[in-house]
Amino acid sequence: MTGALETALRGGRGAGRKLLVPYVTGGLDGAWLDVVRAVADAGADAVEIGIPFSDPVMDGPVIQLASERALERAATPSSIFTSLREGDIGVPLAVMTYYNICFHMGHERFADSLREAGVAAAILPDLPLEEVGPWAEVADRVGIETVMLAAPTAPDDRLPRVCERARGFVYAVGLLGVTGERDELASSATVIASRLKAVTGKPVLVGVGISTPRQAVEACEVADGVVVGSALVRRLLDGEGPTGAAKLVESFRSALDAG
Amino acid sequence: MALTDPTPEGRFGDFGGRFIPETLVPACQQLEHAFREAWADRAFRNELDDLLRDYAGRPSPLTECRRLSAELGVRLLLKREDLNHTGSHKINNVLGQALLAKRMRKTRLVAETGAGQHGVATATAAALLGMDCAVYMGEVDMHRQELNVFRMRLLGSEVRSAVTGSRTLKDAINEAMRDWVATVESTHYCLGSVMGPHPYPWMVRTLHEVLGREAREQCAALLAKDGGDGVPDVVTACVGGGSNAIGIFSGFADTRAELVGVEPAGGAAVGRGVPGVVHGSKSYLLQDEWGQVQEAQSISAGLDYPGVGPEHSYLSAIGRARYEAVDDREVIDAFALLSRTEGIIPALEPAHALAWIVRDRASLAGKTVLLNLSGRGDKDVAQMMDLLG
Numbered sequence: 001m002t003g004a005l006e007t008a009l010r011g012g013r014g015a016g017r018k019l020l021v022p023y024v025t026g027g028l029d030g031a032w033l034d035v036v037r038a039v040a041d042a043g044a045d046a047v048e049i050g051i052p053f054s055d056p057v058m059d060g061p062v063i064q065l066a067s068e069r070a071l072e073r074a075a076t077p078s079s080i081f082t083s084l085r086e087g088d089i090g091v092p093l094a095v096m097t098y099y100n101i102c103f104h105m106g107h108e109r110f111a112d113s114l115r116e117a118g119v120a121a122a123i124l125p126d127l128p129l130e131e132v133g134p135w136a137e138v139a140d141r142v143g144i145e146t147v148m149l150a151a152p153t154a155p156d157d158r159l160p161r162v163c164e165r166a167r168g169f170v171y172a173v174g175l176l177g178v179t180g181e182r183d184e185l186a187s188s189a190t191v192i193a194s195r196l197k198a199v200t201g202k203p204v205l206v207g208v209g210i211s212t213p214r215q216a217v218e219a220c221e222v223a224d225g226v227v228v229g230s231a232l233v234r235r236l237l238d239g240e241g242p243t244g245a246a247k248l249v250e251s252f253r254s255a256l257d258a259g
Numbered sequence: 001m002a003l004t005d006p007t008p009e010g011r012f013g014d015f016g017g018r019f020i021p022e023t024l025v026p027a028c029q030q031l032e033h034a035f036r037e038a039w040a041d042r043a044f045r046n047e048l049d050d051l052l053r054d055y056a057g058r059p060s061p062l063t064e065c066r067r068l069s070a071e072l073g074v075r076l077l078l079k080r081e082d083l084n085h086t087g088s089h090k091i092n093n094v095l096g097q098a099l100l101a102k103r104m105r106k107t108r109l110v111a112e113t114g115a116g117q118h119g120v121a122t123a124t125a126a127a128l129l130g131m132d133c134a135v136y137m138g139e140v141d142m143h144r145q146e147l148n149v150f151r152m153r154l155l156g157s158e159v160r161s162a163v164t165g166s167r168t169l170k171d172a173i174n175e176a177m178r179d180w181v182a183t184v185e186s187t188h189y190c191l192g193s194v195m196g197p198h199p200y201p202w203m204v205r206t207l208h209e210v211l212g213r214e215a216r217e218q219c220a221a222l223l224a225k226d227g228g229d230g231v232p233d234v235v236t237a238c239v240g241g242g243s244n245a246i247g248i249f250s251g252f253a254d255t256r257a258e259l260v261g262v263e264p265a266g267g268a269a270v271g272r273g274v275p276g277v278v279h280g281s282k283s284y285l286l287q288d289e290w291g292q293v294q295e296a297q298s299i300s301a302g303l304d305y306p307g308v309g310p311e312h313s314y315l316s317a318i319g320r321a322r323y324e325a326v327d328d329r330e331v332i333d334a335f336a337l338l339s340r341t342e343g344i345i346p347a348l349e350p351a352h353a354l355a356w357i358v359r360d361r362a363s364l365a366g367k368t369v370l371l372n373l374s375g376r377g378d379k380d381v382a383q384m385m386d387l388l389g
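Structure below.
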C-alpha cells in the first residue's frame with residue numbers, strides 16, 4: 001500500500017508540480033512548530049522534521065549548530081512528537097534523524113511514536129541498504145514510509161535495489177559531501193537524479209547542496225523535486241522566524257512553478 | 001586464528017556492522033575487497049613486514065619488571081610498544097593502511113586523533129609514502145597535546161581542529177567522517193582504532209596482530225625456562241577504542257590467559273554503556289535516555305571516548321574478556337610508579353592498565369601478568385608536570 005507521503009508526492013507530480021520539501025530542526029526554538037506551519041502554508045509539499053542527534057555525521061555546520069541548540073533547549077524525540085501531534089500541519093511529515101535515536105527507543109516504539117504523532121515517513125541517513133532490514137520490516141508493518149538515500153558513489157547495480165526498498169520518495173544525494181549551502185549546483189546532482197529516474201517510478205528528490213531557487217529549478221530539470229535544509233535553517237538561526245521561513249519557501253515555490 | 005573473524009556483514013555476535021551514510025558504502029566495500037586481496041598477496045605482506053622491521057623497529061622487546069614486580073608481588077611483563085617508531089603501537093596499523101591506500105591509488109589520508117599518537121603515526125606514514133594528510137583533532141586535545149600537534153605539522157600534515165560537541169576524540173571522528181564523505185574518491189580514511197564501519201574493526205585488528213604474535217613467542221621463550229606452559233596468567237591493556245588491547249588479546253585468545261581490558265572510569269563504555277550505534281558500528285556506548293551520545297571524561301586524551309570497538313563488546317558479552325575501570329588519580333599514581341621503579345615513563349593510556357594491576361595486586365599475587373605498554377609518556381610529560389609539579 002502506498003503511504004501518505006508517496007501518495008501526496010505522486011499527486012503533486014501528477015498535477016505537473018515540482019516538489020518542494022523544506023527541512024526544519026525540531027525543537028530549535030520556541031517558534032519551530034510555527035515555522036513548520038508557515039512553510040507548509042507557503043507551498044511545501046511535505047516537511048522534513050529533524051530530530052537532533054549529538055553526532056550528526058552527514059550534516060554540515062549549519063544543521064550541526066541547529067542540532068546543538070535544540071539539544072541545549074532539551075529537545076527530545078518525545079517532546080518533538082508531542083508538538084507534532086498537536087501541530088495540525090496540513091501536509092505530510094517525514095522525520096530525519098540518526099539511527100541511534102530509533103535503535104535506542106526500539107524499532108516498535110519509534111514506529112508507533114511516529115504514527116501517533118501523525119508522521120508519515122522516516123529518513124535515517126546512517127542506515128544504508130545492508131542495515132535497514134530490521135527497521136524497515138517494522139516500519140512497513142506499522143505503516144511508516146522509510147525514505148532511502150541514493151548517492152553519486154553508488155554503482156549502477158545498487159541504485160535499483162535502493163529504489164526498490166525506498167518508500168515515500170528516493171532521496172538523491174546531490175553531491176559528495178555533507179549538508180550545507182553551495183555557490184553552484186553540483187553537476188553530480190542532475191547526474192544522480194537522471195540515473196535514478198531511469199530505474200524508478202517513485203518520486204526522486206534532490207537534497208544536499210540545494211541553496212537557491214535557481215539551483216532548485218536547475219535540479220528539477222531532471223528531478224521531481226528538492227529538499228531544502230541548510231538554506232532555511234541558517235535563516236532560522238539568524239532569527240528570521242516563521243515569516244522569514246515562509247518568504248524563503250515562497251521564493252522556491254514560485255521559481256519552481258515558473259520553471 | 002585466535003580471535004574469530006566477523007560475519008560477511010561485519011558482525012561480531014550482535015556487534016559491529018556498517019552503519020554509515022550511503023555515500024560511503026561503496027568505499028567501505030571496496031576497502032574490504034582491497035584489503036582481503038592485499039593480505040593474500042605475498043608481495044604486499046613482505047613490503048609491510050620490511051617497513052615494520054626496518055622503519056618501525058619491530059619486533060618490540062618484552063621487558064620483565066624486576067623492581068616493580070617485587071614491590072607488587074606480581075610478576076609483571078611489559079610488551080614494549082612504546083619503543084616503536086613514533087612512540088606507540090599505532091604505527092602497525094597506519095603503515096598497513098597507508099600501503100593499502102597507495103595500492104588503491106588514493107593520494108590523500110585523513111585521520112582522527114585523540115592524544116595525537118595516531119595522528120603522528122598517520123602523518124609519519126604520509127611523509128614516508130609521499131601522500132597528503134589531514135588530521136582532525138578536538139580543540140581541547142590540541143591544547144593538552146600541543147607537542148603532538150607540532151609534530152604532525154612538522155611531518156607535513158595539516159591539523160584541523162574539531163570545535164563541536166565535547167571537542168575531543170568523538171568530535172574529531174565526526175569531522176574526519178564528514179571530510180571523507182566529501183573526498184572519498186581521492187582519500188582513504190585511516191581510522192586509528194578497532195572501531196568504525198566494517199571492515200575497519202577487523203582490518204585494524206589484523207594489522208595489530210603482529211604485536212600479539214610476537215608477545216606470544218616472547219612469553220613462551222621467557223616463561224618456558226620455568227617449566228610452565230609459557231603463557232602468562234593474565235594479559236591486560238587499556239581500552240579506549242581498543243586497538244592495542246585487541247592486538248595483545250589476539251595472541252592469547254586461544255590460551256588459558258585471562259584477558260582484562262582497562263577503561264577510564266569516565267569513559268567506561270563496556271562497564272557502563274548499553275548497546276548503541278555511532279561512528280559506523282553497533283557497540284556498547286555511553287548515552288542518555290534518548291540515545292544521545294554522552295561525553296567521556298578522562299585525563300587521557302587517547303581514551304576520552306564514549307564508545308568502544310565492537311569486538312570488545314563481543315568479547316565481554318561472551319565472557320572471554322572482562323573490563324575494569326580506573327580513575328584519573330589511580331592512573332597518575334601508576335604513571336609515576338612505573339617511571340620511578342623501572343625507568344620507563346609510560347603514556348597515560350597504558351598507565352590505566354598498570355593502575356588496575358596495582359589496585360588488584362592482592363588477587364593477582366604470585367601471578368604472571370603481561371601488560372601491553374602501548375605508548376611512551378613523552379607526550380604526557382608537560383601535562384603531568386602541571387599536575388605533579
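Chains as they are written, first to last, in my numbering: chain A, 1 to 259; chain B, 1 to 389. Don't be surprised by glycine CBs; every beta carbon is placed ideally from N, CA and C.
Rounded separation between residue i and residue j - CA only
{"i": "SER193 (chain B)", "j": "SER186 (chain B)", "result": "22 Å"}
{"i": "MET1 (chain B)", "j": "PRO213 (chain A)", "result": "Because the pLDDT of MET1 (chain B) is 48, which lies under 50, any placement of that residue in the model is unreliable, and the number read from its coordinates should be weighed accordingly. Going by the C-alpha atoms only, they are around 58 Å apart."}
{"i": "VAL140 (chain B)", "j": "THR168 (chain B)", "result": "6 Å"}
{"i": "GLN145 (chain B)", "j": "MET137 (chain B)", "result": "10 Å"}
{"i": "LYS197 (chain A)", "j": "PRO350 (chain B)", "result": "54 Å"}
{"i": "ILE89 (chain A)", "j": "ILE299 (chain B)", "result": "49 Å"}
{"i": "ILE248 (chain B)", "j": "GLY212 (chain B)", "result": "4 Å"}
{"i": "ILE63 (chain A)", "j": "LEU232 (chain A)", "result": "10 Å"}
{"i": "VAL228 (chain A)", "j": "VAL239 (chain B)", "result": "42 Å"}
{"i": "ASN93 (chain B)", "j": "GLY116 (chain B)", "result": "15 Å"}
{"i": "ASP378 (chain B)", "j": "ASP238 (chain A)", "result": "46 Å"}
{"i": "PHE103 (chain A)", "j": "SER243 (chain B)", "result": "26 Å"}
{"i": "GLY87 (chain B)", "j": "ALA255 (chain A)", "result": "59 Å"}
{"i": "GLY8 (chain B)", "j": "ALA136 (chain A)", "result": "The sequence shown places Pro at residue 8 (chain B), rather than the Gly named in the question. Approximately 21 Å, taken between the alpha carbons."}
{"i": "LEU65 (chain A)", "j": "LEU338 (chain B)", "result": "44 Å"}
{"i": "ARG253 (chain A)", "j": "LEU20 (chain A)", "result": "7 Å"}
{"i": "THR25 (chain A)", "j": "ASP171 (chain B)", "result": "20 Å"}
Coarse secondary structure for residue i, derived from DSSP in three states
{"i": "ALA40 (chain B)", "result": "coil"}
{"i": "ILE49 (chain A)", "result": "strand"}
{"i": "LEU19 (chain A)", "result": "strand"}
{"i": "ARG18 (chain B)", "result": "strand"}
{"i": "CYS28 (chain B)", "result": "helix"}
{"i": "SER363 (chain B)", "result": "helix"}
{"i": "ALA34 (chain B)", "result": "helix"}
{"i": "MET1 (chain B)", "result": "For MET1 (chain B), the pLDDT reaches just 48, beneath the cut-off of 50, and the residue's location in the model is therefore unreliable, leaving the point undetermined."}
{"i": "THR107 (chain B)", "result": "coil"}
{"i": "LEU232 (chain A)", "result": "helix"}
{"i": "MET1 (chain A)", "result": "coil"}
{"i": "GLU289 (chain B)", "result": "coil"}
{"i": "PHE81 (chain A)", "result": "helix"}
{"i": "PRO346 (chain B)", "result": "strand"}
Endpoints, the beta strand (DSSP E) within which residue i is located
{"i": "LEU77 (chain B)", "result": "75-80"}
{"i": "GLU258 (chain B)", "result": "258-264"}
{"i": "TYR284 (chain B)", "result": "280-285"}
{"i": "GLU221 (chain A)", "result": "Careful: GLU221 (chain A) lies outside any beta strand (DSSP E) and carries neither H nor E."}
{"i": "CYS219 (chain B)", "result": "Careful: CYS219 (chain B) lies outside any beta strand (DSSP E), inside the alpha helix (DSSP H) at 200-224."}
Beta-carbon separation (whole angstroms), residue i vs residue j, contact threshold 8 Å
{"i": "ASP126 (chain A)", "j": "TYR98 (chain A)", "result": "5 Å"}
{"i": "ILE49 (chain A)", "j": "GLY291 (chain B)", "result": "With a Cβ gap of about 17 Å, ILE49 (chain A) and GLY291 (chain B) do not count as contacting."}
Opening and closing residue of the alpha helix (DSSP H) in which residue i lies
{"i": "TYR386 (chain B)", "result": "It should be noted that the sequence gives Asp, not Tyr, for residue 386 (chain B). First-last of the alpha helix (DSSP H) with ASP386 (chain B): 381-388."}
{"i": "SER60 (chain B)", "result": "Taken as a continuous stretch (DSSP letters only), SER60 (chain B) belongs to no alpha helix (DSSP H), as it is neither H nor E."}
{"i": "HIS89 (chain B)", "result": "Segment: none, HIS89 (chain B) is in no alpha helix (DSSP H) and carries neither H nor E."}
{"i": "ARG151 (chain B)", "result": "146-154"}
Other residues of its chain near residue i: CB distance less than 7 Å, five sequence neighbours each side excluded
{"i": "ARG195 (chain A)", "result": "LEU159"}
{"i": "MET1 (chain A)", "result": "none"}
{"i": "ARG153 (chain B)", "result": "VAL159"}
{"i": "GLY271 (chain B)", "result": "GLU263, TYR323 and ALA325"}
Sequence-distant residues of its chain with Cβ nearer than 6 Å to residue i (five each side left out)
{"i": "ALA296 (chain B)", "result": "GLY266, GLY267, ASP304, TYR305 and PRO306"}
{"i": "LYS18 (chain A)", "result": "CYS220, GLY225 and LEU256"}
{"i": "LEU364 (chain B)", "result": "VAL74"}
{"i": "TRP356 (chain B)", "result": "VAL262, GLU324 and VAL326"}
Neighbourhood of residue i by C-beta distance below 8 Å, restricted to the same chain and skipping five residues each side
{"i": "VAL162 (chain A)", "result": "LEU129, MET148, LEU149, ALA150, ALA154 and VAL170"}
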